[in-house]
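Undergrad:
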Amino acid sequence: MLWPGLNAPVARGTELMTYKRLPPNPDYEQALVRSRDEASKIRYRSLPPLLRGWSGSRFPGQSVGPPDPIGDCM
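In this text, residue positions in the sequence shown follow this note's numbering: the first is 1, and each later residue adds one.
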């Protein structure tokens, strides 16, 4: 199986395309360094365990209080 550009040359019409090296782009390098530095500064605020949520039928450490009244009984 031939995949143009991967294991076979790429042809546009009758012209064979070749690899070209682009000139260095200093703005790209600076943006790459800046985005890397900003990404390393992300800090997540920790939440108390009761605000993180839970799974299952029990509420460990959570007081849910009395059940809601049903009907007009108070």
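Cβ atoms here follow ideal geometry from the backbone N, Cα and C, with glycine treated the same way. Since we're looking at a predicted model, the values are computed, not measured.
Among Asn25, Pro24, Ala8, which one has its Cα closest to the Cα of Met17?
TA: Of the candidates Asn25, Pro24, Ala8, the one whose C-alpha sits nearest the C-alpha of Met17 is Ala8.
Undergrad: Going by DSSP, which residues form a beta bridge with Arg12?
TA: BP columns for Arg12 point to Glu15.
Undergrad: Could you check the C-alpha separation between Arg52 and Tyr28 for me, to the nearest Å?
TA: Those two C-alpha atoms are separated by around 39 Å.
Undergrad: Compute the Euclidean distance between the alpha carbons of Asp11 and Arg43, then round it to the nearest angstrom.
TA: Just to set this straight, residue 11 is Ala in the shown sequence, not Asp. Distance between the alpha carbons of Ala11 and Arg43: 49 Å.
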